[in-house]
Amino acid sequence: MAPAVAAKQATKLKSKALKSKAKPASKPEVAQPASDDEVEETSEPTEETAVVETGATSSSAVRNKQRVLLLATSGITYRQRHLLQDLATLLPHAKKDIKFNSRRKSSFFQLNAMAEANNCNNILFFEPRKNRDLYMWLARAPNGPSIKFEVFNLHTMDELNMTGNCLRGSRPVLSFDAHFDSTPEYQLMKQVITRIFNVPKNTRRSKPFIDHVFSFTMLDGKIWFRNYQIVENDPTAAKHMSKKHKDQARAPTLVEIGPRFVLAPIRILEGSFCGQALYRNREYQTPAFLQKTRNQSNRDSSNQRRASHDDDDDHMEEDVEEGDDIQDDSEEEE
Numbered sequence: 001m002a003p004a005v006a007a008k009q010a011t012k013l014k015s016k017a018l019k020s021k022a023k024p025a026s027k028p029e030v031a032q033p034a035s036d037d038e039v040e041e042t043s044e045p046t047e048e049t050a051v052v053e054t055g056a057t058s059s060s061a062v063r064n065k066q067r068v069l070l071l072a073t074s075g076i077t078y079r080q081r082h083l084l085q086d087l088a089t090l091l092p093h094a095k096k097d098i099k100f101n102s103r104r105k106s107s108f109f110q111l112n113a114m115a116e117a118n119n120c121n122n123i124l125f126f127e128p129r130k131n132r133d134l135y136m137w138l139a140r141a142p143n144g145p146s147i148k149f150e151v152f153n154l155h156t157m158d159e160l161n162m163t164g165n166c167l168r169g170s171r172p173v174l175s176f177d178a179h180f181d182s183t184p185e186y187q188l189m190k191q192v193i194t195r196i197f198n199v200p201k202n203t204r205r206s207k208p209f210i211d212h213v214f215s216f217t218m219l220d221g222k223i224w225f226r227n228y229q230i231v232e233n234d235p236t237a238a239k240h241m242s243k244k245h246k247d248q249a250r251a252p253t254l255v256e257i258g259p260r261f262v263l264a265p266i267r268i269l270e271g272s273f274c275g276q277a278l279y280r281n282r283e284y285q286t287p288a289f290l291q292k293t294r295n296q297s298n299r300d301s302s303n304q305r306r307a308s309h310d311d312d313d314d315h316m317e318e319d320v321e322e323g324d325d326i327q328d329d330s331e332e333e334e
């Protein structure tokens, strides 16, 4: 029985194989060209490519969003107020706010909340004292660092009356002395000053060109600030000049505009108006100490003059007594 069953299965398999060979082979499918509508649909970007493209454009068009909050405490003098107004005019990305009434150092941390309310990430703060001294704070809100300076020899633009001039809202070039790269604390000062005094490109109320220079020079441990206009000479004026003087005629020149002031660094704090002191100027002397030493020197000089005057009076009295004794002796001899 088993061989008969196996033979039947073999005949069935042979018949199936013959039937499959007899069937005609199916033709391969030929890819037809897509229609115009289908081409337009396939040319549209997918969601992933759109995200990539938008990410690339956003990264390439990153804007420098730096805004500065300008304000001062109450008790500021008119010259200090005019200096603050000059800085507000020269910095179109700055926002001038009302006076900060509190003079306590513990309340200076509230300036970060004011900067956040005004959408500012930098603070330039004037702290006057005794209607005589002026301190300037430069801070990065809200995390710091913050730098405290004392302001010397300030002169506003109205006081100087310089011949230089620049367009309102134009962008400046920042010029730093080589000493700013010598030590870490000076490098940090350079970074903070750059973020505050550098006008970002395409910011509001700014003009798309550069016509003046902010100069920061380090001398005697102090920062000297100057503002110069860039004057470009007329190229047609060098037509009738010799070749030696043409390059000199075409070279731009600098004309001072103002204001002027000198900054003496006092200390650098880790946070914004708070935190650990990262740097302290050991050579800095407070105005109270300088006034005390001046008063002491004046007192010593007056005491010396008084003592010398008393000595002169004593010598004069001795001379008079000696003269009287000589006269008495002469009378007795007669």
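Going by UniProt numbering, the letters in the sequence shown line up with residues 1 to 334, in that order. Cβ coordinates follow ideal geometry from the N, Cα and C atoms, glycine included. Bear in mind that the values here come from a model prediction, so they are computed numbers and not experimental data.
Please name the residue in the options whose C-alpha comes closest to that of residue i.
i: L87; options: N161, R260 and D211; result: R260
i: E185; options: F126, L174 and L269; result: L269
i: C120; options: N101, S107, E127 and P92; result: P92
i: V255; options: F273, L263, G271 and V231; result: V231
i: R104; options: R280, D300 and F273; result: F273
i: R140; options: A264, D211 and R195; result: R195
i: R282; options: N295, A264, R294 and Q296; result: A264
i: T156; options: Q285, D211, F225 and S175; result: F225
i: H82; options: Q285, D158, G221 and P128; result: D158
i: G271; options: V173, D220, L111 and P128; result: L111
i: P252; options: L219, D211, A288 and T286; result: D211
i: S102; options: R67, Q85, P128 and R299; result: P128
i: H179; options: G221, N202, P145 and K201; result: G221
i: A94; options: R305, R67 and N298; result: R67
i: V262; options: L90, M136 and I98; result: M136
What do you reckon, are the CB atoms on residue i and residue j nearer than 8 angstroms?
i: E150; j: I266; result: yes
i: L138; j: V192; result: yes
i: T217; j: D177; result: yes
i: N143; j: L69; result: no
i: F126; j: Q80; result: yes
i: L160; j: L134; result: no
i: M189; j: I147; result: yes
i: L174; j: F197; result: yes
Can you tell me the Cα-Cα spacing of residue i and residue j, whole angstroms?
i: N131; j: T77; result: 6 angstroms
i: K96; j: H309; result: 58 angstroms
i: N165; j: I257; result: 6 angstroms
i: Y228; j: S215; result: 8 angstroms
i: A307; j: S301; result: 10 angstroms
i: R294; j: V199; result: 42 angstroms
i: A72; j: N118; result: 15 angstroms
i: F152; j: E116; result: 30 angstroms
i: N233; j: A277; result: 48 angstroms
i: E29; j: K65; result: Note that E29 scores a pLDDT of 47, beneath 50, so its modelled location is shaky; the value from the coordinates is reported in the next line. For E29 and K65, the distance between alpha carbons rounds to 60 angstroms.
i: F100; j: S74; result: 6 angstroms
i: Y279; j: Q285; result: 15 angstroms
i: K292; j: L90; result: 37 angstroms
i: L84; j: P287; result: 22 angstroms
i: E53; j: N202; result: Residue confidence is low: E53 scores 34 on pLDDT, short of 50, so the model does not pin down where it sits. No coordinate-derived value is stated.
i: M162; j: L124; result: 25 angstroms
i: P145; j: Q187; result: 13 angstroms
i: R305; j: T183; result: 47 angstroms
i: Q296; j: G275; result: 36 angstroms
i: L290; j: R299; result: 14 angstroms
i: I98; j: N303; result: 49 angstroms
Quiz item: Which runs of the alpha helix (DSSP H) fall wholly inside the segment 81–133 and span at least 4 residues, in chain order?
Solution: Those alpha helix (DSSP H) runs which fall completely within the segment 81–133 and span 4+ residues are 110–117.
Exercise. Entirely within the segment 129–184 and at least 4 residues each: give me those alpha helix (DSSP H) ranges in chain order.
Key: Here the runs fully enclosed are 157–160.
Exercise. Could you tell me whether the segment 195–209 touches the segment 167–177, where touching means 3 or more Cβ pairs closer than 8 angstroms?
Key: Segments in contact, yes.
Quiz item: What runs of the beta strand (DSSP E), each 3 residues or longer, lie entirely inside the segment 248–295?
Solution: Those beta strand (DSSP E) runs which fall completely within the segment 248–295 and span 3+ residues are 253–256, 260–269 and 277–280.
Exercise. List in chain order: all unbroken beta strand (DSSP E) runs of 3+ residues lying wholly within the segment 191–223.
Key: Taking only runs of at least 3 residues, the beta strand (DSSP E) segments lying wholly in the segment 191–223 are 210–219.
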